[in-house]
Amino acid sequence: MAKDFPTREENYAQWYNDLVIKADLAENSAVRGSMVIKPYGYAIWEKMQATLDKMFKDSGHVNAYFPLFIPKSFFSKEASHVEGFAKECAVVTHYRLKNSPDGKGVVVDEDAKLEEELIVRPTSETIIWDTYRNWIQSYRDLPILVNQWANVVRWEMRTRLFLRTAEFLWQEGHTAHATKEEAIEETLKILDIYAKFAEEWMAVPVLKGVKSPNERFAGAVDTYCIEALMQDGKALQAGTSHFLGQNFAKAFDVKFLSKENKLEYVWATSWGVSTRLMGALIMAHSDDNGLVLPPKLAPVQVVIVPIYRKLEQLEQISEVALKVKEKLEKLGISVKYDDRDTFKPGWKFSEYEFKGVPVRLAIGPRDLENNTVEVARRDTLEKEVLQLEDIDTKVKNLLDQIQKKLYYKAQSFRDDNTTAVDTWDEFRDVIENKGGFVLAHWDGTPETEEKIKEETKATIRTIPLDTKKESGKCIYTGKTSTQRVIFARAY
RNA sequence: CGGGGUGUGGCGCAGUUGGUAGCGUGCUUGACUGGGGGUCAAGAGGCCGCGAGUUCGAGUCUCGCCACUCCGACCA
Numbered sequence: 007m008a009k010d011f012p013t014r015e016e017n018y019a020q021w022y023n024d025l026v027i028k029a030d031l032a033e034n035s036a037v038r039g040s041m042v043i044k045p046y047g048y049a050i051w052e053k054m055q056a057t058l059d060k061m062f063k064d065s066g067h068v069n070a071y072f073p074l075f076i077p078k079s080f081f082s083k084e085a086s087h088v089e090g091f092a093k094e095c096a097v098v099t100h101y102r103l104k105n106s107p108d109g110k111g112v113v114v115d116e117d118a119k120l121e122e123e124l125i126v127r128p129t130s131e132t133i134i135w136d137t138y139r140n141w142i143q144s145y146r147d148l149p150i151l152v153n154q155w156a157n158v159v160r161w162e163m164r165t166r167l168f169l170r171t172a173e174f175l176w177q178e179g180h181t182a183h184a185t186k187e188e189a190i191e192e193t194l195k196i197l198d199i200y201a202k203f204a205e206e207w208m209a210v211p212v213l214k215g216v217k218s219p220n221e222r223f224a225g226a227v228d229t230y231c232i233e234a235l236m237q238d239g240k241a242l243q244a245g246t247s248h249f250l251g252q253n254f255a256k257a258f259d260v261k262f263l264s265k266e267n268k269l270e271y272v273w274a275t276s277w278g279v280s281t282r283l284m285g286a287l288i289m290a291h292s293d294d295n296g297l298v299l300p301p302k303l304a305p306v307q308v309v310i311v312p313i314y315r316k317l318e319q320l321e322q323i324s325e326v327a328l329k330v331k332e333k334l335e336k337l338g339i340s341v342k343y344d345d346r347d348t349f350k351p352g353w354k355f356s357e358y359e360f361k362g363v364p365v366r367l368a369i370g371p372r373d374l375e376n377n378t379v380e381v382a383r384r385d386t387l388e389k390e391v392l393q394l395e396d397i398d399t400k401v402k403n404l405l406d407q408i409q410k411k412l413y414y415k416a417q418s419f420r421d422d423n424t425t426a427v428d429t430w431d432e433f434r435d436v437i438e439n440k441g442g443f444v445l446a447h448w449d450g451t452p453e454t455e456e457k458i459k460e461e462t463k464a465t466i467r468t469i470p471l472d473t474k475k476e477s478g479k480c481i482y483t484g485k486t487s488t489q490r491v492i493f494a495r496a497y
């Protein structure tokens, strides 16, 4: 099944696509631009969800749910917000179908036109702030720290599995605060959660930073982001956290009485990560043999494959294998024992390798005699034969080791592909031939960023937060600059 | 929305100057097999994207439509 798909070198885009489909993560659906997330892919997403959900709750947030449909009029209330999303909104205009006159199928019933058209949410700021108006009167009602898990629709022209689909799954947090400082603090707190999740669970190193005005969320004062580097040298925005200022409070007239008995506008944030993280996860670690998953997010962490000739042998092996499974499960490891007689061991090896299962154990007659088990790790493809004694802690340690190794590998890749440049020629050369993150001085103007984008397709991915100030000259205009920013071609 | 490509068993493809559809893989059954995608045998499976036209005859030629896909402009 896994044969015949291109290497990363040959065709990176095709490699990614084939990987997603052949590893059973997702497939294209009958609806253009919308995908079906298959059980194996969805299991990964569920683990992401569960982890993030806990992190949000541990930091004081609660979940709620707001409607899929948003009245059209809500959108026009915040000027830059409309502008940002208007071009990609799906609109509901009618609420009824009827049999077509020719008797073949159904048509829209023109008599069932909606008074006010509804937008399928591309994001929920408008409906949520319209709601918050009623929730907030006093400083005592603040802060509101709400998150929702939902689907959203953005009518994209070109789509790619997980990376950009017309409909996608995400979480969106929407918080309301009494002060500017508190809202900014919230924005950064979430950014830290995102970074921690990416690095510790996904094993993907990310840069934390702030977006340039060109890349800012429509309606935000500041957009913070985590930015990851993929194996083809392109950047991927993995999560965003927005400080919205009082923009939405003003647009939706959300005011509160402060302790000082003054009527003030509420300060807001919003933040989200989506199924796009799946794309980042896949591209960050996988190789030409298929998917590579970090143990912490792998739906199956360990697979056990029995090797046998006769069914009596299988019984003996199963006895040992099931004991191993039980011991591993006691340590919280998810184990699959694949004793299907309908597939050959070699076939199973390839299958699980392709699907990125971190550790494979094989137990055969020789192992029964010697009290051993063959342990294979997916990330390095190394195999070794270990004594059965303490196999549970050995495997647990191995999983931890794989998790760390994946992160370090991704980190050293990123380091190798981060280049500081000081001249325009150098800049163009690196963007064109090497790729990756390029650290360069920029004069701070949207015009310059736009010009650079036109000429090189590279954009400012982020203005890093934890970086030293350093004076220099803009690579494009030569004007003075106080800090290097990160340029890259991006997904 | 512009430019290219592709639509043929589940999947991947071949199909010559028009003559009634084939290969690989997968599927079913059986035997032998089993420590890296096994071998052999016997089977099942097709509105050739859709619609017109040319022709005695169209997977093949003509026209129209639809879908998918890749490359650009737009985007998490």
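Residue 7 is where the first sequence starts when you use my numbering, and the numbers rise one by one after that.
The beta carbon of each residue, even a glycine, is placed where N, CA and C say it ideally should be.
Note that the coordinates shown come from a computational prediction; the quantities given were computed from them, not determined experimentally.
Item, Value
"Of the listed residues 378, 423, 164, nearest to residue 502 (C-alpha basis)", "Residue 502 lies beyond the residue range present for the chain, which begins at 7 and ends at 497; the question has no answer from this structure."
"Alpha-carbon to alpha-carbon, residue 234 and residue 421", "12 Å"
"Any 3 or more C-beta pairs closer than 8 Å across the segment 180–200 and the segment 28–35", "no"
"Test item: CB-CB of residue 100 and residue 153 under 9 Å", "no"
"Identity of the residues DSSP links to residue 87 by a beta bridge", "BP columns for residue 87 are empty, so no partner."
"Three or more C-beta pairs below 8 Å linking the segment 210–226 and the segment 244–256", "yes"
"Residue 149 (DSSP reduced to helix, strand or coil)", "coil"
"CB-CB length for residue 197 against residue 230, believed under 8 Å", "5 Å"
"Euclidean distance between Cα positions of residue 106 and residue 74", "28 Å"
"Own chain partners of residue 483 with C-beta closer than 6 Å, once the 5 adjacent residues on each side are dropped", "449, 454"
"Own chain partners of residue 489 with C-beta closer than 6 Å, once the 5 adjacent residues on each side are dropped", "475"
"Complete runs of the beta strand (DSSP E) confined to the segment 441–488 [at least 3 residues]", "443–447, 465–470"
"C-alpha distance - residue 249 paired with residue 195, whole-angstrom precision", "11 Å"
"For residue 467 and residue 385, the rounded distance between their alpha carbons", "29 Å"
"Test item: CB-CB of residue 357 and residue 295 under 9 Å", "no"
"CB-CB length for residue 408 against residue 330, believed under 8 Å", "Actually they do not touch by this definition, with Cβ atoms about 18 Å apart."
"Candidates 119, 103, 122: closest to residue 113 by CA position", "103"
"Helix, strand or coil at residue 12 according to DSSP, with G and I counted as helix", "coil"
"Within 9 Å, strictly: CB atoms of residue 304 and residue 363", "yes"
"Buried or exposed (CB count within 10 angstroms, at least 16 for buried), residue 45", "exposed"
"C-alpha gap between residue 21 and residue 49, whole angstroms", "22 Å"
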